[in-house]
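Presented below is the structure to which this report refers.
Residue numbers (this note's numbering), protein chains in the order written: chain V, 1 to 316; chain W, 1001 to 1507.
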């Protein structure tokens, strides 16, 4: 059945391509006003934190406070969702983003009229096992979006990072390069080296050569990559939090059911909030030591001063 | 009819078996690999062995025509030669028992002395496995990547691109040379390889001599035209004596169709006829194939095998303990020890092909010359996935035992070694933690260092030797040393209970 579909699509490809390129022009025109609307509206929250709900319900609540999905996705947009799928672990082990959250976001994007929705991550463990055992591949397919491989260098293209300090260029996944809008959807975890991983650290999964990050100064490189084509919205999944032995975890005792979700357009603010939340869960980690957050603030990617922001704290 | 059935079955077998080698998606579980003779012998799979032996005693060397991939593969070249040269003739050649049994004896000796490499070199299943893995697979992957490129343009990612790379220069060259030699022999000399060099051919030939079902010549119908003999790719029909050397007949059934007199048939041996046959062929046969000679060489073979069997363990021991490399190779989890691998692995490279993380590579001289091309774990392209146990599941020879995921978690194939003096945290004063990030058991984990920095610390008894740390370390400060005999890895203990409730937003 799939092959037949594939062949059908292949046959129709020529026609579709011309239509698509026209559609893209409209999209480019329409993204400009949405950007200005973001600054104009005061009633929209800058950062939303939701507690005590299921992943889908918490996202719905947060999205409402942020002004709805249509603020981010316009009809015909090519959308990318970038969860953390780094490890060959089950959803219960909390090393990857919760699949239910991804499904809800896909549904929202479809409602907003997205023309295509791609989901990928450059995994650490074997990618087919990660895609499968994280439960994300199946959930994404069922929800009608496309799982895109990221296992091969040819899926990436070199890109300049003009605002980067240590990282001046990197091989970035083509799905990110080619999309109109993308969502950064990490899971909140402990990390042996970066202490905590949330929105910023998740960006390492759009890059091919990760090792360069570690040799050129991890925190600064993480901060540098935030300046490249920022995501429209960052959603931190803290439904289950991997408090210790991150980012993989090794047993159930590392996982805490925290039932929380953060969402913001400001990557510095959301990781500040997530970091302060995380240091409650793992009290041995000091927020001040998570250096990549102030590093990104210095690059002008957002603010750590949460008091300046319009923050919504909601308990379901 | 029999010939057509033989061809159909052989085609199906070689297609499926080859697919087992080239498939990279893991959807197909290779099983034809497990019914091959040498793997069954090495893994002592009693059921398979008994089936193959009894099968040969009943039906002759059908194995060589429809099960052995190298045998079937040779028939392609054979067919090609007949298509190109329409007048191709074979004729009858006397058996060369000394050579056959001599080669077999040599191989057994080589194996006993730890030169499994030589056995793997000519053992037909493994020889074909390497050809499939080193030569066919890259072509298959190239085709897949082209298909993936086309399907991507339509927005489908059902096919995905994969990296094509050379597994090892040595095994590539060996596979290529094997292909050339096999192509040469089968193109010009039919099944001479199978009836001279191949150890399985010799062993099964020894059995098929007594097989119940066999090709028989009806002397009343036969007009001594010698057509069957000229068409026999095994050179085993002595038409002038109306006799067949059953030790070399591979039951291809070509002669049955070729005979215009319908004098040849395949069926259970008729005792009366058999004696009659023997009498007729006796004067020639007893001199040519000479039962005396066979017995003598067999006797010699047995004697020397037994004598040298006693010396073999000593030689093996010297080999394993005599190595003084700085880095000890890491054999795959389930291989138990370097010694077990050395004794059982014929380097078919099925594990190399199936390893989803591309960790298993054909060894160079890491295990010594006897272990050339046997699988070794290398972490330049990936590391051993904690929950993956495919290599042991597919290994047909018992060189890598099948482990459950749980058993694998407690197997220490190698152990972490950390050199703090070149670690980026100490040298550059930046955070890293890549090694700890990749460690599934936290045998290498981060502990507080100067300022807010963390630095790796090892807990070797937890290490499983997966190589995640070695793979990702940006400066080679951490690597894994192999365990010549695999050890048990200690199960990690649960950490202190973390606060599980009463959280606020925290900001």
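We put the beta carbon where it would ideally sit given N, CA and C, even for glycine.
Using beta-carbon distances, residue 1472(W) counts as an interface residue toward chain V, with a partner under 9 Å. Counting other Cβ atoms within 10 Å of its Cβ, residue 1017(W) reaches 16 or more and is therefore classed as buried.
What residue 239(V) touches in chain W, judged by beta-carbon distance under 8 Å, is nothing: the nearest beta carbon there is about 13 Å away. Per DSSP, residue 191(V) is one residue of the beta strand (DSSP E) stretching across 187-191.
The criterion of a C-beta distance shorter than 9 Å is not satisfied by residue 269(V) and residue 299(V).
When C-beta distances to chain W are compared with 8 Å, the residues of the segment 151-183 of chain V below that value are 151, 152, 153, 154, 155, in chain order.
Along the segment 1442-1456 of chain W, the positions whose C-beta sits under 7 Å from a C-beta of chain V are 1442, 1445, 1446, 1452, 1454, read in chain order. Of all alpha-carbon atoms in 145(V), 206(V), 75(V), 134(V), the one lying nearest the alpha-carbon of residue 158(V) is that of 206(V). In the three-state reduction of the DSSP assignment, residue 1090(W) falls in the coil class.
In this structure, residue 1348(W) sits near residue 1039(W), with a CB-CB distance shorter than 9 Å. At a cut-off of 9 Å, the C-beta of residue 310(V) has no neighbouring C-beta in chain W. The beta-carbon of residue 1334(W) is placed no less than 9 Å from the nearest beta-carbon of chain V. Nearest to residue 260(V) by alpha-carbon distance, out of 47(V), 55(V), 44(V), 220(V), is 55(V). Burial state of residue 224(V) is buried, judged by a 10 Å Cβ sphere holding 16 or more other Cβ atoms. DSSP links residue 257(V) through a beta bridge to 240(V).
Along the segment 206-219 of chain V, going in chain order, the ones with a CB nearer than 7 Å to a CB of chain W are 211, 214, 215, 217, 218, 219. Residue-level contact by beta carbon holds for residue 1431(W) and chain V, with a gap shorter than 9 Å.
Any Cβ of chain W closer than 9 Å to the Cβ of residue 191(V) would place that residue at the interface, and such an atom is present. For the segment 1054-1119 of chain W, there is no continuous beta strand (DSSP E) assignment of 3+ residues that stays within its boundaries. Taking 4 residues as the shortest admissible run, the segment 78-124 of chain V contains the following complete alpha helix (DSSP H) segments, listed from N- to C-terminal end: 99-111. Ranked by Cα distance from residue 1145(W), the options 1163(W), 1132(W), 1136(W), 1154(W) are led by 1163(W).
Any Cβ of chain V closer than 9 Å to the Cβ of residue 1224(W) would place that residue at the interface, and such an atom is absent. In the DSSP annotation of this structure, the continuous segment of the beta strand (DSSP E) that includes residue 1362(W) starts and ends at 1360-1362. Using a CB distance cut-off of 9 Å, residue 1504(W) counts as an interface residue toward chain V. Between the alpha carbons of residue 174(V) and residue 155(V) lies a distance of about 6 Å. Spanning the alpha carbons of residue 183(V) and residue 151(V) requires a straight line of approximately 20 Å.
Annotation: residue 101(V) to residue 124(V) spans about 21 Å, alpha carbon to alpha carbon. Inter-residue distance for residue 1420(W) and residue 1456(W) is about 8 Å (C-alpha atoms, whole angstroms). At a cut-off of 9 Å, the C-beta of residue 195(V) has a neighbouring C-beta in chain W.
Interface flag for residue 1029(W) against chain V is unset, since no Cβ pair is found closer than 9 Å. Residues are counted here when their Cβ sits less than 7 Å from a Cβ of chain V; for the segment 1159-1184 of chain W these are 1160, 1161, 1162, 1163, given in chain order.
In this model, residue 1394(W) and residue 133(V) are separated by some 21 Å (Cα to Cα).
When DSSP reads this structure, residue 1244(W) sits in a beta bridge with 1237(W). A distance below 9 Å separates the beta carbons of residue 1399(W) and residue 1345(W). Taking a Cβ-Cβ cut-off of 8 Å, residue 110(V) has no neighbours in chain W, whose nearest Cβ is about 15 Å from it. A residue is called buried once 16 or more other Cβ atoms fall within 10 Å of its Cβ, and residue 1031(W), having fewer, is exposed.
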